[in-house]
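Engineer: According to this note's numbering, the stretch in the sequence shown is residues 43 to 195, in order. Structure in structure tokens, see below.
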Amino acid sequence: AVYAVLTGSLGPKETSGAAAETEGTFTVTKVDTLQSKNRFNACLPWEFWCHGTEPFWGIQISEAEGGIFFKNMAYETGTHYAWAAPQTDGNSFWIYETSVAPGSKERLKIAIKKEKCTDGMSDIEYNYSVEVTNGKETLRGCAMRGGEPAKRE
Numbered sequence: 043a044v045y046a047v048l049t050g051s052l053g054p055k056e057t058s059g060a061a062a063e064t065e066g067t068f069t070v071t072k073v074d075t076l077q078s079k080n081r082f083n084a085c086l087p088w089e090f091w092c093h094g095t096e097p098f099w100g101i102q103i104s105e106a107e108g109g110i111f112f113k114n115m116a117y118e119t120g121t122h123y124a125w126a127a128p129q130t131d132g133n134s135f136w137i138y139e140t141s142v143a144p145g146s147k148e149r150l151k152i153a154i155k156k157e158k159c160t161d162g163m164s165d166i167e168y169n170y171s172v173e174v175t176n177g178k179e180t181l182r183g184c185a186m187r188g189g190e191p192a193k194r195e
């Protein structure tokens, strides 16, 4: 997924074909911004954005997008798991357990706790820690909760 800022114009509404179901065809004349979706530019709400180092990995948890998105930057791979509601007390812990995703052999278990966390790479202190179990591998890192002020690195 990407975040894009485009310049263009909206053409007239079509009368036939799939385009007839839209308000018109948008013709792009300039790409102003094109970047990977991240916690600072996501257009849809998200519950948590998690990340860790050594190895570098990231998880976006978004009910609005219907999924839990895991990315392993070391292997340049990503997996989309179906949305799974967490076990939670609503304020200090959340446990997400996924089903096995297509093309994957393992389920994810994501345990998020409200406690101070640093990622070891920056001077930023996060409000949440996270532990991810993926088969026999356990990853640890920090998390940001959607709707709370986002700290930039």
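C-beta atoms are modelled at their ideal positions from N, C-alpha and C, and glycine is treated no differently.
1. Measure the Cβ-Cβ separation of Ile154 and Phe90 and say whether it is below 8 Å.
2. Following the continuous beta strand (DSSP E) through Gly183, name the residue where it begins and the one where it ends.
3. Just list the beta strand (DSSP E) runs in the segment 80-144, keeping only unbroken ones of 3 residues or longer that don't cross its boundaries, in chain order.
4. For Thr49, does the count of other Cβ atoms within 10 angstroms reach 16, so buried, or fall short, so exposed?
5. Judging by CA-CA distance, which residue of Glu179, Arg187, Gly189 is the nearest neighbour of Pro97?
6. Go ahead and label Ser171 buried or exposed: buried means 16 or more other beta carbons lie within 10 angstroms of its beta carbon, across all protein chains shown.
7. So, with DSSP's three-state summary, where would you put Glu63?
8. Go ahead and pull the three-state DSSP assignment for Lys55.
9. Taking C-alpha atoms, which residue in Tyr117, Trp136, Arg187, Glu118 lies nearest to Ala126?
Structural biologist: By the coordinates alone:
1. yes
2. 179-187
3. Qualifying beta strand (DSSP E) stretches, in chain order: 90-94, 99-104, 109-114, 119-124, 135-139.
4. Classification for Thr49: exposed.
5. That would be Glu179, whose Cα lies nearest to the Cα of Pro97.
6. The residue is buried, with at least 16 neighbouring Cβ atoms inside 10 Å.
7. Glu63: helix per DSSP, three-state reduction.
8. coil
9. Trp136
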